[in-house]
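Protein chains in written order, with the working numbering: chain A, 125 to 267; chain B, 125 to 267.
Just so you know, even glycine gets a beta-carbon here, dropped at the ideal spot from N, CA and C.
Below is one structure, written out as structure tokens, with a few remarks after it.
Protein chains: 2
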Amino acid sequence: MFSKTCEYAIRAMIFISQQSEHGMKVGIKQIAKGISAPEHFIAKILQDLSRKGLVQSSKGPNGGFFLEADEIKISLADIVKAVDGDNLFTGCALGLKNCSEKKPCPLHDKFTVIRKQMHDMLLSAKVAEFNRELSQGLKHLKR
Amino acid sequence: MFSKTCEYAIRAMIFISQQSEHGMKVGIKQIAKGISAPEHFIAKILQDLSRKGLVQSSKGPNGGFFLEADEIKISLADIVKAVDGDNLFTGCALGLKNCSEKKPCPLHDKFTVIRKQMHDMLLSAKVAEFNRELSQGLKHLKR
DNA sequence: ATAATAAAAGACAAAATACTCTTTTATTAA
DNA sequence: TTAATAAAAGAGTATTTTGTCTTTTATTAT
């Protein structure tokens, strides 16, 4: 479904959102532990997301990753698009380049429906909406 | 979503179903051309599906791949499971091994819904149901 | 200024996926 | 029984994805 990179990216963004809820910054080591991800790998991923403006970072002591006020509205769909591109939301299920309404693959119509539901679900899911449930231990990001 | 291997597998099975509708067998070359897939690669994939009993084959002149009567009821979900395993239908969206109803990831509930819709769709889609539309040029398997 | 901290960057390695090429085996028809 | 046909099998290559390690750069506090 999602690439490993994308899975880590989503988990990291949700984790940062929760940890930085009150202006705190989070270091890579904390993030890596907090979401059970390889430290250097998640570092790469976050550097990429940072360049793309989905997350902020600052170097030096007391540095780390954090979200700006308006970034809590970032959706999981935004993250997926930034990391895996939008093939999941627009591509053909059977991998046909020229698949379209006019020249559809056998699965085209049925898949378009499912795909839209998935897209809508990910668009409506915002990184910050899980903060409380995570704090209360009702949802998990490890293992 | 699906691996390339799986995309080819689904397209090949649908193609074989259509071509072998009236007891004809199809060679690998025909299949490869018919679905725009690398010949030797699709051969491997079909050998695997053949071992798993999803398609029949016979060697020698007039040989090729074909479906037995009851195999036209094979669903796309069967093919996906045979090729990619059932991670798509049962695994966690965020890649968490221990994600479950009791220890859910943030996306668990929302994703379970989508995943079931996709599973149901693929379970209800049978390889043979596209035969007519393909013959009429209303659906396509190339490019 | 200096030492400590923490992200950024770059090179590298391992594993998985995707794909190719060659040889072997089975079947059929002449 | 021989030649042609077509899948099966196996070895090998290429690319992408995933992950590691080391060095550099920026920031902060002392």
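**Message:** Tell me which residues share the same chain as Asn255 (chain B) and place their Cβ nearer than 8 Å to its Cβ, disregarding the 5 neighbours each side in the sequence.
**Reply:** Ser141, Gln142 and Glu145
**Request:** Examine the Cβ distances between the region 235-244 of chain B and the region 258-265 of chain A and report whether three or more of them are shorter than 8 Å.
**Result:** no
**Prompt:** Nearest-angstrom Cα distance between Ala201 (chain A) and Asp172 (chain B)?
**Reply:** 35 Å
**Item:** Close-in-space but distant-in-sequence residues of the same chain around Ala206 (chain A) (CB under 7 Å, 5 per side omitted)
**Value:** Leu173, Lys176 and Leu178
**Prompt:** Taking the C-alpha atoms as reference points, what is the distance between Ala156 (chain A) and Ile166 (chain B)?
**Reply:** 40 Å
**Request:** Could you say which of B:Ala193, B:Glu195 and B:Val237 lies nearest to Leu212 (chain B) if we only look at CA atoms?
**Result:** B:Val237
**Request:** Would you decide whether Glu195 (chain A) is buried or exposed? Buried here means 16 or more other CB atoms lie within 10 Å of its CB.
**Result:** buried
**Item:** Own chain partners of Ala122 (chain B) with C-beta closer than 6 Å, once the 5 adjacent residues on each side are dropped
**Value:** Residue 122 (chain B) cannot be examined here, being either before or after the span of chain B that is shown, 125 to 267.
**Request:** Since I believe Phe189 (chain A) is in contact with Ser199 (chain A) (beta carbons under 8 Å), could you give me their beta-carbon distance rounded to a whole number of angstroms?
**Result:** In fact, because the Cβ distance is near 18 Å, the residues do not count as touching under 8 Å.
**Asked** Do we get a CB-CB distance below 8 Å when we pair Ala167 (chain A) with the residues of chain B?
**Response** no
**Request:** Have a look at Ile169 (chain B) and Asp208 (chain B) and give me their C-alpha separation to the nearest angstrom.
**Result:** 12 Å
**Prompt:** Looking at Ala161 (chain A) and Ala193 (chain A), is the spacing between their C-beta atoms short of 8 Å?
**Reply:** no
**Prompt:** Which one or two residues does DSSP pair with Gly219 (chain A) in a beta bridge?
**Reply:** BP columns for Gly219 (chain A) are empty, so no partner.
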